[in-house]
Amino acid sequence: RVATVNGNGTADLVIVANRLPVDRVTEADGTPGWRKSPGGLVTALEPVMRSNDGAWIGWPGSTDEEMEPFVDEGLSLIPMTLSPAEIEEHYEGFSNGTLWPLYHDVVAKPAFHREWWDSYVTVNERFAAKAAQVAAKGATVWVQDYQMQLVPAMLRELRPDLRIGFFLHIPFPPAELFQQLPWRRQILEGLLGADIVGFQLAGGAANFVRLVRQRVGHKTHRDTIYLPDGRTVRAAAFPISIDFTEFEELARSESVSQRAKQIREALGDPETVLLGIDRLDYTKGITPRIRAYSELVRDGHFDVEDTVFIQVATPSRERVDQYRALRDDIDRLVGRINGDLGKIGRPAISYMHSSYPRHEMAALYRAADMMVVTPYRDGMNLVAKEYVACRYENDGALVLSEFAGAAEELRQAWQVNPYDINGMKATILDAARAEPKEVTRRMRAMRKQVRENDVSQWAIRFLDALASVPHDHGKTVRP
Ligand code: GDG
Numbered sequence: 011r012v013a014t015v016n017g018n019g020t021a022d023l024v025i026v027a028n029r030l031p032v033d034r035v036t037e038a039d040g041t042p043g044w045r046k047s048p049g050g051l052v053t054a055l056e057p058v059m060r061s062n063d064g065a066w067i068g069w070p071g072s073t074d075e076e077m078e079p080f081v082d083e084g085l086s087l088i089p090m091t092l093s094p095a096e097i098e099e100h101y102e103g104f105s106n107g108t109l110w111p112l113y114h115d116v117v118a119k120p121a122f123h124r125e126w127w128d129s130y131v132t133v134n135e136r137f138a139a140k141a142a143q144v145a146a147k148g149a150t151v152w153v154q155d156y157q158m159q160l161v162p163a164m165l166r167e168l169r170p171d172l173r174i175g176f177f178l179h180i181p182f183p184p185a186e187l188f189q190q191l192p193w194r195r196q197i198l199e200g201l202l203g204a205d206i207v208g209f210q211l212a213g214g215a216a217n218f219v220r221l222v223r224q225r226v227g228h229k230t231h232r233d234t235i236y237l238p239d240g241r242t243v244r245a246a247a248f249p250i251s252i253d254f255t256e257f258e259e260l261a262r263s264e265s266v267s268q269r270a271k272q273i274r275e276a277l278g279d280p281e282t283v284l285l286g287i288d289r290l291d292y293t294k295g296i297t298p299r300i301r302a303y304s305e306l307v308r309d310g311h312f313d314v315e316d317t318v319f320i321q322v323a324t325p326s327r328e329r330v331d332q333y334r335a336l337r338d339d340i341d342r343l344v345g346r347i348n349g350d351l352g353k354i355g356r357p358a359i360s361y362m363h364s365s366y367p368r369h370e371m372a373a374l375y376r377a378a379d380m381m382v383v384t385p386y387r388d389g390m391n392l393v394a395k396e397y398v399a400c401r402y403e404n405d406g407a408l409v410l411s412e413f414a415g416a417a418e419e420l421r422q423a424w425q426v427n428p429y430d431i432n433g434m435k436a437t438i439l440d441a442a443r444a445e446p447k448e449v450t451r452r453m454r455a456m457r458k459q460v461r462e463n464d465v466s467q468w469a470i471r472f473l474d475a476l477a478s479v480p481h482d483h484g485k486t487v488r489p
């Protein structure tokens with residue numbers, strides 16, 4: 011029974027996200043088809059979605075094409091159409107040109123445009139209306155991420171019977187930065203439509219509660235916000251994770267082991283392989299990382315004859331100006347470094363601007379003696395956790411920025427401040443020279459942490475918290 015497809019409101023669990031969990035692909039015979047996108051969110055939610063008569067509302071990634079709801083391997087998918095103008099204004103504009111830099115410590119300058127905001131409102135309204143249409147009476151709706159922050163309040167207005175959860179995948183900034191936003195109050199009120207507002211870290215939740223108290227004037231006590239109508243909203247941390255077992259099994263497979271060996275051979279069998287994998291994004295600190303490494307080579311601490319740094323930068327948001335500029339900067343920097351320091355067949359940095367299948371990602375993780383993850387600011391950073399999951403022999407050193415959410419859980423990583431190039435150089439050297447026993451001690455502890463807190467735990471914790479919200483949304487329990 012997949013009644014959601016008829017739009018008559020029978021879904022007991024509804025996910026509202028900017029993107030659908032599948033990508034449009036062209037099959038071998040030329041017909042259009044779908045492929046499940048590789049993200050951990052999909053993996054985590056799939057089992058709950060199937061057992062709950064669930065539906066997923068999102069944009070399929072192609073413009074203009076009107077698409078009917080459909081069922082893909084048991085998942086009800088409800089495609090939303092975005093016009094080219096909405097992609098430019100809601101997605102590339104307000105989401106990625108305003109909110110993304112503002113929420114990441116203003117690492118880049120956020121742009122404030124009133125037309126972008128208008129489009130953000132319109133798109134959020136359409137997603138909320140669709141959720142109101144497909145959700146069964148008393149159903150649970152889980153809204154995802156910064157592109158959808160107005161949906162909770164809009165949806166509550168239409169459907170007060172629902173339990174509504176919201177989860178923010180990126181950091182929630184301190185009041186001093188959030189305050190810049192001309193539409194700060196609308197965003198806070200949008201989020202307050204939810205029963206539970208989830209963040210990666212307790213710090214983000216605390217920032218939110220403080221802003222609500224100061225800007226909107228609601229009473230708060232610890233993680234609870236008391237609204238004038240008697241409803242309560244809880245703000246709490248739910249650190250996201252990965253499917254540990256899936257990554258470990260992939261890493262252990264014969265084909266990934268073979269491929270990891272091949273990768274090292276292709277590099278000329280170096281003694282040491284360092285690795286960075288990121289979406290090409292200015293928050294990820296790719297530039298200071300390769301600068302630190304290149305100085306270590308220049309100063310004679312690493313020799314290109316026996317050491318190589320692999321940097322994979324996955325293409326991302328290529329139509330947004332700041333991303334194009336960053337790509338040019340990195341191209342130039344890597345070119346300069348390899349020109350200055352490389353030898354024939356021995357570049358200092360082996361740089362790929364490309365995306366790879368999961369299998370190849372796992373092979374890269376396995377081929378690397380050291381993983382270097384140095385974001386200026388990151389909600390969590392799953393790449394760090396994936397590296398840990400793939401190191402089933404308890405070897406491999408993780409160098410991790412203290413500004414990644416993951417740093418709160420991965421305490422045994424070699425932590426760095428990406429703004430401090432000398433500090434980063436010293437720590438990379440420490441990690442490279444550490445005794446194998448020390449590397450193993452740290453990796454073992456990190457593996458335990460990620461194994462015990464995987465992505466299904468994350469989804470269960472959030473949905474359990476939402477399920478325990480009383481039917482009157484806390485209206486009768488007053489302090
Ligand atoms: C946001 C937040 C938060 C990357 N390149 C390829 C590829 N990937 C996969 C990685 C990883 C994912 O993409 C990237 O996740 P991150 O967490 O590292 O970063 P964001 O994309 O910025 O994600 C972040 C996350 O949401 C979840 O809440 O942790 O802080 O910014 O899984 O493996 N996957 C494949 N090919 C690639 O080339 N298959």
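If you read the sequence shown in the UniProt record's numbering, its first letter stands for residue 11, the second for the next number, and so on.
Using N, Cα and C, we set each Cβ at its ideal position, and we do this for glycine too.
So what's residue i in DSSP terms, helix, strand or just coil?
i           : result
residue 116 : coil
residue 217 : helix
residue 208 : strand
residue 470 : helix
residue 463 : coil
residue 358 : coil
residue 229 : strand
residue 35  : strand
residue 440 : helix
residue 458 : helix
residue 22  : strand
residue 479 : coil
residue 447 : helix
residue 340 : helix
residue 29  : strand
residue 241 : coil
residue 347 : helix
Among the options, which one has its Cα closest to the Cα of residue i?
i           : options            : result
residue 310 : 452, 125, 435      : 435
residue 477 : 316, 237, 150, 53  : 150
residue 423 : 198, 81, 456, 405  : 456
residue 99  : 113, 117, 76, 129  : 129
residue 105 : 155, 484, 144      : 155
residue 371 : 392, 111, 191      : 392
residue 180 : 162, 213, 203, 170 : 213
residue 23  : 38, 242, 41, 61    : 61
residue 183 : 447, 195, 113      : 113
residue 79  : 72, 89, 362, 71    : 89
residue 297 : 385, 224, 123, 328 : 385
residue 221 : 201, 96, 145, 332  : 201
residue 208 : 305, 245, 56       : 245
residue 389 : 305, 412, 97, 463  : 412
residue 146 : 232, 169, 36       : 169
residue 93  : 153, 82, 210, 133  : 133
Exposed or buried, residue i, counting other C-beta atoms within 10 Å across all chains shown (16 or more means buried)?
i           : result
residue 27  : buried
residue 349 : exposed
residue 14  : Caution applies to residue 14, whose pLDDT of 39 falls short of 50 and renders its modelled position unreliable; the value that the coordinates give is listed next. Classification for residue 14: buried.
residue 470 : exposed
residue 161 : buried
residue 397 : buried
residue 11  : Confidence in residue 11 is poor, its pLDDT being 33 and thus under 50, which makes the residue's placement unreliable; the coordinate value appears in the next sentence. By the 10 Å Cβ count, residue 11 comes out exposed.
residue 268 : exposed
residue 482 : exposed
residue 419 : buried
residue 458 : exposed
residue 20  : buried
residue 331 : exposed
residue 164 : buried
residue 242 : buried
residue 107 : buried
Can you determine whether any heavy atom of ligand 3 sits closer than 8 Å to the C-beta of residue i, and answer yes or no?
i          : result
residue 62 : Absent from the structure shown: ligand 3. Ligands present: ligand 1.
**Request:** Please list the segments of the alpha helix (DSSP H) lying wholly inside the region 252 to 336, counting only runs of 4 or more residues, in order along the chain.
**Result:** 254 to 262, 264 to 276, 296 to 308
**Prompt:** Of all the beta strand (DSSP E) runs that stay within the bounds of the region 365 to 438, which reach a length of 3 or more residues?
**Reply:** 380 to 383, 407 to 411, 424 to 426
**Request:** Return the chain-ordered ranges of every alpha helix (DSSP H) run that is complete within the region 112 to 199 and spans a minimum of 4 residues.
**Result:** 124 to 144, 161 to 168, 185 to 188
**Message:** Between the region 373 to 381 and the region 351 to 359, can you find at least three pairs of beta-carbon atoms closer than 8 Å?
**Reply:** no
**Message:** Please give the ranges of any alpha helix (DSSP H) in the region 39 to 118, keeping only runs that are unbroken, at least 4 residues long and fully inside the region.
**Reply:** 50 to 61, 110 to 113
**the region 19 to 38 contacting the region 66 to 76, beta-carbon criterion three pairs below 8 Å** = yes
**Request:** Could you tell me whether the region 311 to 325 touches the region 283 to 290, using the rule of 3 or more Cβ pairs below 8 Å?
**Result:** yes
**Request:** Please confirm if the region 235 to 252 is in contact with the region 269 to 281, defined as three or more CB-CB distances below 8 Å between the two stretches.
**Result:** no
**Message:** Below 8 Å, how does it come out for the region 400 to 416 and the region 248 to 261: are there three or more Cβ pairs, yes or no?
**Reply:** yes
**Request:** Mind the definition here: the region 288 to 298 touches the region 329 to 347 only if three or more C-beta pairs lie below 8 Å; say whether that holds.
**Result:** yes
**Asked** Does the region 444 to 456 come close enough to the region 404 to 417 to have 3 or more Cβ pairs within less than 8 Å?
**Response** yes
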